[in-house]
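Protein chains in written order, with the working numbering: chain A, 602 to 943; chain B, 819 to 1197; chain C, 1450 to 1712. Yeah, the Cβ is synthetic: ideal placement off N, Cα and C, and Gly gets one too.
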Amino acid sequence: MAKFEGYKDIYVFVEQKNGTIAEVGYELISEARKLVASIPEMGYQVVGVLLGSNITDKAQEVITHGADKVIVVDDELLKDYSTQFYADALTQIIKEFKPDSFLTGATVLGRDLAPRVAARINAGLTADATKIEIDTEKAKDGEALLLVTRPTFGGNLFGTIVCPDTRPQMATIRPKVFDMAPADAARTGEVVTFAPKWESTEPQVTIEKVVEKIIEGVDITKANILVGAGRGAEGCLDVLQACAKELDGVVCATRAVVEDGYMDKSLQVGQTGKTVRPSLYIACGISGAVQHVAGMEKSDMIIAINRDPQAEIFTIANMGFVGDVNEVLPLLVEEIKKAKAA
Amino acid sequence: MDFNLTEQQKMMQKLFREVAQNEVKENAADVDESERFPKENVEVMRQAKMLGIPYSREYGGAGADYLSYILAVEELSKTCATTGVVLSAHTSLGTWPIAQFGTDAQKQKYLPDLCTGKKLAAFGLTEPNAGTDAAGQQTTAVLKGDHYVLNGTKIFITNAGEADVYIIFAMTDKSKGTHGISAFIVEKGMPGFTFGLHEKKLGIRGSATSELIFNNVEIPVENLLGKEGQGFKIAMQTLDGGRIGIAAQALGIAQGAIDEVVPYVKARKQFGRPISKFQNTQFQLADMQCKTDAARMLVYRAAMAKENGEPYTVLAAEAKLFAAEVAMEVTTKAIQLMGGYGYTRDLPVERMFRDAKITEIYEGTSEVQRMVISGAVLR
Amino acid sequence: MKIVVLVKQVPDSTEITVDKNTGTLVRDGVPSIINPDDLAGLEAALQLKDANPDIKISVVSMGPPQAKGMLQETIARGADDAYLITDRRLGGADTCATSRTLAAALKKIGFDLIIAGRQAIDGDTAQVGPQTAERLGLPQITYVDEIIDVTPEKITVKKSLEEEEQILTSTMPCVLTTLSGMNNPRYMNCNDIVDSFDKPVHIMTFDDLDLDLSVVGLAGSPTKVHATFTKDVSAETKTYDMPAQEAAELIAHTLKEKQLITK
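Structure (structure tokens):
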């Protein structure tokens, strides 16, 4: 006898906007497929949940991306995202269909919607996860316990969270951590339409206007990946920029580079600049003077490229490479591109 | 004897530390380099209501104690001694005489703007020929009907030009010596009141230090502070309090230098290890911190005495003498520990070293403090 | 109008590190601060009060007794009073239990508008605001980066999404969750510091909340911590002298392995 009678399958909320489906939904469906495959004895399906207006014809697209079943609510009230109507609809779907797990992308929308629904049904919800697994041992006893891992304390600590006593097990998952499997046009699946009973059709929150988002200047102290330029990299700053861009990081510089006029003072790292603590710091042509090192030595991982084998930077770099940045960096950009394509 | 700060003082200290570290520190080098008055810091202090700390709420002050104000000067001076002296000159030299000796009408007229920081205050005693010998005042004020006519020149005046309200000392009766000196509240913009040469200084280079020139300035009689002939007494009492502010500035500079040195010696490696592992570094730092803490005790004691209405002339002199000399010693050693880097203008300790020197000079030189202290010892 | 601002005391996570030799979290000497998103919410409320002095601001926090000091600091910034919900029986709560506790307290305290920070920098869940709104049956607007207008009947705000911003209106009362960066939070000020010693930080315990013991604290929390581990850092240093192409390949390989290369 299953521990949670009637609860089964892994459900994925498929976020869409104006009929365009956000990739994170497909990333989660792809990962959910792997999860159900890890516990074949449970016979679980992957179910997509698609809410919107004039959206039913998109259900087939969700199936081609890996869903066995899609539950569709097609209603004028769901045309634009509304916490109120989306939460009402989703709560009724959960009560009706009893998902064992329910995954949502940790987008602005997902993080607005999922907590509201979880509170209404008193389900456990794990936020902004970067890894999900199912306890395969427990699956042998008929329980598909979801192990959800997420960073806390600014990424320094990771916690694996479980919901042993409640169903569904809910989680919001960060976009881009899982690969999206290619669509398979031959896939078939079931499309179920669902009509929620609206408690009220009077909206409490109304969108008055949509405005363009103004992107603010970069803050190197908040960057997760920094590519730092020293005097030795002044000849290839464009490649440095390209490298940072490929890594989704930001460039920064030593005092010398700033004083030589190549970079803005706001990008200076060190005693007279800013103190940074990224996950990765690639030091390019940086000798490692205390002035600079004081501002970046607490980076999680330091990779240094410098021509001088005696450079002080090598004493703190986790990986040091003796070589000319002008040569290594363009090759590195190519290798990163290859790694991303793979 | 309680050596602990009260909860209120700790909360004040936290605020001052945040303001100093988050706002003042960032532009301290620029203020020094370009010799500019730190207007933006005054604005932050105004928002944090730091410009009337020890004055009553009735006049827009915070109604806090004198030590809280001293903590503000200390924390600011850790990162920017210029900003420390702007606050000190405003609070204890410019505003205090009005709060202490002013008539109700004078207090009503001037204190609210000064305590809320809408206006800044300054103090003008020193003249080209009357430094430590303040009795040699050559500025004169002659009563003519309902006003005095002020003539003369003051030099080395902190906040000159930036302040709106000036406490000015002038001879009203030369025949009476120091008893012929009177104090006046002079406002910027009074006809005949102009600013002269802007001094180029070794340190506290952002502090506005200029000449005040009075050319037949007509001061209404209601702007006479205290009575005629009380000026010298007002000046000396004001300077007693001001000295605690300067002592706090010196204390802040010393601690600020140590705060800069500590992370440096931990990071700087020579002979394969951080120089903090060498005994010379360790012992130097021990001496620096020990003396700075001793200075802190003297400074806080003087502030508490003033707050409690006890005599503080000698305590203030001791605090200023000791803290100023500690500031010189500590900043000198700080540069030495940082070697060539410490001597460059990339790091702040050379500025602190230059800033420290003035604390041995203004509001009574160290020699004057020794006169005050020895006078009390030998009495 | 009474605005309630929800705040949390958190360790300054930018100061937390993992010891590269032992792999343990270094929390010694890490200062406790007001969570940045919450501080932005408080500043937004204070700005509304600047414009309309009739507004009263109450700050509410749930946490250990030492959070009282933080609450007093919010008064020293200009809030009118504060409430600390503190009780061992409420400890170990996840967002589900926390939101129940806060909602019960808010019903006692009263409100016309509730402002919470979007998320706390220790837990980073962003769930307490929406879940508190749900339990009070109030509309919510999350990720707010500007409060444009507020009346007793209606509030207009700007919400920041991934690629656009929306101007939204909500009926009142409602719950907003605010983003740090929407404003520059003011410092405490000397006058309010002095006054803060005369203004109350009310203490509330489980007994004040009309809740069942089974729905609060660890017992009322459906999520459980299964395991924790620190991020992967190393003090090891190694220097390679190899041809540029090989170096580039090794770096790219390492970055991929450490998941530092994303799509």
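Per DSSP, what are the beta-bridge partners of residue i in this structure?
| i | result |
| --- | --- |
| L1030/B | K972/B and F1013/B |
| S675/A | Note that residue 675/A is Asp in the sequence shown, not Ser. According to DSSP, D675/A bridges with G653/A. |
| P752/A | F759/A |
| I1483/C | Q1458/C |
| F987/B | A1001/B |
| G942/B | I986/B |
| Q918/B | Its beta-bridge partners do not exist; DSSP assigns none. |
Measure the C-alpha to C-alpha separation of residue i and residue j and round it to an integer number of angstroms.
| i | j | result |
| --- | --- | --- |
| D713/A | I733/A | 21 Å |
| L1539/C | T900/B | 50 Å |
| V983/B | A939/B | 5 Å |
| K1498/C | R1635/C | 13 Å |
| T621/A | V929/A | 41 Å |
| K609/A | G711/A | 22 Å |
| G912/B | G1010/B | 21 Å |
| T773/A | A707/A | 5 Å |
| L838/A | L1562/C | 50 Å |
| A884/A | A1696/C | 14 Å |
| A917/B | K925/B | 6 Å |
| G998/B | Q1048/B | 8 Å |
| D669/A | K941/A | 29 Å |
| I695/A | A1569/C | 28 Å |
Counting only beta-carbon separations shorter than 8 Å, does residue i have a partner in chain C?
| i | result |
| --- | --- |
| G881/B | yes |
| C837/A | no |
| M920/A | yes |
| K867/B | yes |
| K941/A | yes |
| Q826/B | yes |
| I871/B | yes |
Do the CB positions of residue i and residue j come within less than 8 Å of each other?
| i | j | result |
| --- | --- | --- |
| V1083/B | I1093/B | yes |
| F1013/B | I1037/B | no |
| L1043/B | G870/B | no |
| I1176/B | A1066/B | no |
| R1119/B | L1133/B | yes |
| G949/B | T957/B | no |
| I1642/C | A1554/C | no |
| D1530/C | H1651/C | yes |
Determine, for residue i, whether the minimum Cβ-Cβ distance to residues of chain B falls below 8 Å.
| i | result |
| --- | --- |
| V819/A | no |
| A1516/C | no |
| V1475/C | no |
| T773/A | no |
| T873/A | yes |
| V891/A | yes |
| V877/A | no |
| A895/A | yes |
| V1456/C | no |
Verify the CB distance criterion: does residue i have a CB-CB separation below 8 Å to chain A?
| i | result |
| --- | --- |
| T1711/C | yes |
| Q1615/C | yes |
| G1512/C | no |
| A846/B | no |
| Q1496/C | no |
| D1468/C | no |
| D1164/B | yes |
| K1556/C | no |
Once the 5 residues before and after residue i are set aside, which same chain residues still bring their CB inside 6 Å of it?
| i | result |
| --- | --- |
| T996/B | A953 and F1050 |
| A1552/C | T1581, R1584 and L1585 |
| Q685/A | Q805 |
| T767/A | A724 and G725 |
Near residue i, what residues of its chain come up, given a Cβ to Cβ distance below 7 Å and the 5 sequence neighbours on each side ignored?
| i | result |
| --- | --- |
| M602/A | Any reading at M602/A needs caution, since the residue's pLDDT is 40, under 50, leaving its predicted position unreliable; the model's value is listed next. Once the five neighbours on either side are set aside, M602/A has no close Cβ partner at all. |
| D1461/C | V1479, P1480 and I1482 |
Which residues in the same chain have their Cβ closer than 8 Å to the Cβ of residue i, if we skip the five residues on either side of it in sequence?
| i | result |
| --- | --- |
| T976/B | V903, V904, A907, L911, A940, F941, S1025, A1026, T1027 and Y1180 |
Considering only heavy atoms of the ligand GTP, does any lie closer than 7 Å to the CB of residue i?
| i | result |
| --- | --- |
| G921/A | This structure does not include the ligand GTP; it has no bound ligands of any sort. |
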